[in-house]
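Inspection log for the structure reproduced underneath, given as structure tokens.
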Amino acid sequence: MSIIHVVGLGPGDLDSLPVRTHRLLRGGHPVFLRTAVHPVVEDLRREGISFSSFDPLYETADDFDQVYRAIAAALLETARGQEIVYAVPGHPLMAEQSVQYLLRDAKDVEVRIEGGQSFIDPVCTLLGIDPIEGLLLLDGTAMQVQQITPGVHLLIAQVFHPRVAGDVKLTLMEVFPDEYPVTVVRAAGVSGMERMETIPLYELDRLDWIDHLTTVFVPAGDAHLQRRDAWYPARLVERLRRPGGCPWDRKQTHESLRPYAIEEAYEVADAIDRGDPDALADELGDLYLQILLHAQIASEAGDFTLRDVFEKLSDKLIRRHPHVFGEDGGTRARSPEEAEAIWAEQKAAEAGGSSQGAAQAHSVLDEVRWGKSAFAVAKALQVKAAEVGFDWDKPEDVLEKLREEVEELADEVTAAQRDEEKLTDEFADVLFTVVNLARWLELDIEKSLSAANRKFARRFAYVESQVKASGLAWSDVDVNTLERYWNDAKISRIPER
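Numbering (numbering that gives the first Met the number 0), first residue to last: 0 to 496.
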């Protein structure tokens, strides 16, 4: 019979050992300790319990994961044809990776988890907290800032060295202020060895008594700290949409919010153009608000949730980056151009495999992406049409067409009875032809219009300053004077806004 009895040595006090664990340790089976660096080990020696430990592996392996894999392999080999006992600190299923490898790799060896007391009970007892309030357990040797949830208590294990404490401190400082109070607990539940001290976060790695029995406790942050969590604004939006929330937010639909999504995207672009990081952070928040609102509206209708949005984005990022996330390792991207080509290839494969794409007949315009500004879509449509010869011969022809469209628009503007539908149609023809002319002249219409906007703002500011200097109200300044101010602005050196 091949059996591995896995027992936990508890937090470090012999009195905390379960009776069955104590009996197995004294039962005559070979005993193996993951580490002999544990307070209860001296008690085991005094009781005459012999054992072997895997401590030498820690000196030869490159990392902890390699140690745990080697321990599991050695135990499985040793257990063939006999019963052995494997003892770990705390509880076998609490932060014990070697046990997880045992359970995963055992085939013809039975692994029995016999239990034990984890360090969590005595730590929570010493701190006086109830885990039901919300308690997140993290590994100090592998902490990532994305794991931190400031709205719940954090318990950080495996802080066995000041160097690990330093890494933990730097990670926590990305979420919590430097002076945030944290409590360091050592040897909880071990009589005569317990120690607990609350210190500012920035002092975490300066304690000289941190060792393998150390745990760090970070209390839940207040509402201000929770605002730095990505889910906090999502909960605010949900509250705004509930009965008793904001009447404006409750009234919105996907359709009514559509202009705001476009507007906020342009605000982001403007902040980028201005090179203003603070403004960019603010505008990205406004854009994220649009995502939250649409996701909440969809959730209320039963269409999708914010998690579905995150999942679709994650799936797409993984799918379109096989050179980064691919399991076979066959795809490589040695330059940004190659990476972009892989992205385009994956995107084309997605489109070809969709039911919508298969159902539609192929068109010259199928490749045009409509999720852009109207000007950008107009140019894309014209470019695709031009590829098959549907285009003007020269820019002068486009200019003539523009004159024709402007005349038709003028006819509608001056008509005795305006037809709003025809007026809109003629105005749209003028805009579409303007885009065509910009394409022929190789001008960026968005950039050109942005420059015109800035120029108008500069010149109008000059006119405004002249009106103020005159001491008159706008309504008291005649049109000729305003035109003169405008012409002066055109020839004056007005600094960029």
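Beta carbons: idealized from backbone N, C-alpha and C, even for Gly.
Remember, it's a predicted structure, so these values are computed and weren't measured experimentally.
Just to confirm my understanding: we take residue i, look at its own chain, exclude 5 residues before and 5 after, and list those with CB closer than 8 angstroms. What are they?
{"i": "Lys393", "result": "Trp439"}
{"i": "Ala105", "result": "Ile3, Leu75"}
{"i": "Ala379", "result": "Val367, Arg368, Lys371"}
{"i": "Ala360", "result": "Note on Ala360: pLDDT 49, under 50, position unreliable in the model; the coordinate value appears next. Answer for Ala360: no residue qualifies."}
{"i": "Arg111", "result": "Ile2, Ile3, His4, Val5"}
{"i": "Glu266", "result": "Glu282, Asp285, Leu286"}
{"i": "Lys489", "result": "Arg458"}
{"i": "Ile341", "result": "Arg319, His320, Pro321, His322, Thr330, Ala332"}
Which residues in the same chain as residue i place their Cβ atom closer than 7 angstroms to its Cβ, once the five residues preceding and following it in sequence are excluded?
{"i": "Phe374", "result": "Val434, Ile444, Glu445"}
{"i": "Cys123", "result": "Pro130"}
{"i": "His160", "result": "Ile209"}
{"i": "Glu254", "result": "none"}
Please list, in chain order, all residues of the same chain as residue i whose beta carbon is under 6 angstroms from its beta carbon, the five residues on each side excluded.
{"i": "Ala357", "result": "In this predicted model, Ala357 has a pLDDT of only 42, less than 50, meaning its place in the structure is not dependable enough to derive any value."}
{"i": "Ala294", "result": "Leu305, Val308"}
{"i": "Leu56", "result": "Val66, Ala69"}
{"i": "Leu224", "result": "Pro149"}
{"i": "Glu95", "result": "Val87"}
{"i": "Lys421", "result": "Glu411"}
Going by the CB atoms, is the gap between residue j and residue i shorter than 9 angstroms?
{"i": "Ala229", "j": "Gly133", "result": "no"}
{"i": "Tyr67", "j": "Phe31", "result": "no"}
{"i": "Leu89", "j": "Ser52", "result": "It should be pointed out that residue 89 corresponds to Gly in this sequence rather than to Leu. Going by C-beta atoms, Gly89 is not nearer than 9 angstroms to Ser52."}
{"i": "Thr432", "j": "Glu404", "result": "yes"}
{"i": "Glu263", "j": "Glu237", "result": "no"}
{"i": "Val181", "j": "Val215", "result": "yes"}
{"i": "Lys383", "j": "Val397", "result": "no"}
{"i": "Leu135", "j": "Ile119", "result": "no"}
{"i": "Gly284", "j": "Pro232", "result": "yes"}
{"i": "Glu386", "j": "Leu408", "result": "no"}
{"i": "Asp54", "j": "Val39", "result": "no"}
{"i": "Gly9", "j": "Gly115", "result": "yes"}
{"i": "Ala347", "j": "His322", "result": "no"}
{"i": "Gly7", "j": "Pro121", "result": "no"}
{"i": "Phe498", "j": "Leu316", "result": "Outside the shown range of the chain, which is 0 to 496, sits residue 498, and nothing can be said about it."}
Out of the options, state which residue places its alpha-carbon closest to the alpha-carbon of residue i.
{"i": "Glu193", "options": "Glu178, Asp210, Asp204", "result": "Asp210"}
{"i": "Asp487", "options": "Leu23, Gly370, Val466, Trp473", "result": "Val466"}
{"i": "Thr304", "options": "Glu399, Ile317, Lys315, Ile290", "result": "Ile290"}
{"i": "Ala260", "options": "Ile341, Leu235, Leu288, Leu398", "result": "Leu288"}
{"i": "Arg483", "options": "Glu337, Ser474, Gly470, Val462", "result": "Val462"}
{"i": "Gly11", "options": "Gly191, Gly80, Thr413, His28", "result": "Gly191"}
{"i": "Thr34", "options": "Ile271, Ala427, Leu212", "result": "Leu212"}
{"i": "Lys250", "options": "Phe455, Val184, Ile296, His160", "result": "Ile296"}
{"i": "Met93", "options": "Glu109, Asp138, Thr423, Gln416", "result": "Asp138"}
{"i": "Leu13", "options": "Gly27, Glu41, Ser1", "result": "Glu41"}
{"i": "Leu171", "options": "Phe159, Met142, Ala187", "result": "Met142"}
{"i": "Ser97", "options": "Pro276, Ala71, Arg227", "result": "Ala71"}
{"i": "Gly165", "options": "Thr480, Ala60, Asp207", "result": "Asp207"}
{"i": "Lys400", "options": "Glu339, Asp428, Trp485, Thr59", "result": "Asp428"}
{"i": "Val504", "options": "Leu422, Leu430, Thr423, Glu395", "result": "Outside the modelled stretch of the chain, which goes from 0 to 496, sits residue 504, for which no answer is possible."}
{"i": "Val167", "options": "Gly470, Asp62, Leu203", "result": "Leu203"}
Report whether the distance from the Cβ of residue i to the nearest heavy atom of the ligand NAD is below 8 angstroms.
{"i": "Thr124", "result": "In the structure shown, the ligand NAD is absent, as is every other ligand, since no ligand is present at all."}
With a cut-off of 8 angstroms on the beta carbons, I'd call residue i and residue j a contact; round off their distance for me.
{"i": "Glu113", "j": "Val5", "result": "6 angstroms"}
{"i": "Ala270", "j": "Leu279", "result": "4 angstroms"}
{"i": "Ala437", "j": "Ser447", "result": "7 angstroms"}
{"i": "Leu125", "j": "Ala187", "result": "5 angstroms"}
{"i": "Ser469", "j": "Val476", "result": "7 angstroms"}
Flag residue i as yes if its beta-carbon sits less than 9 angstroms from any beta-carbon of chain C, otherwise no.
{"i": "Asp107", "result": "Within the model displayed, chain C is absent; a lone protein chain is all it includes."}
The segment 138 to 157 / the segment 46 to 57 touching (three or more Cβ pairs under 8 angstroms): Contact fails: fewer than three Cβ-Cβ distances are below 8 angstroms.
With a cut-off of 8 angstroms, do at least 3 Cβ pairs link the segment 57 to 75 to the segment 223 to 243? no
Check whether the segment 165 to 185 touches the segment 195 to 210, counting contact only when three or more Cβ pairs, one atom from each stretch, lie closer than 8 angstroms. In this structure the segment 165 to 185 touches the segment 195 to 210; the number of beta carbon pairs closer than 8 angstroms is three or more.
Would you say the segment 93 to 101 touches the segment 19 to 26, given that touching needs at least three Cβ pairs under 8 angstroms? no
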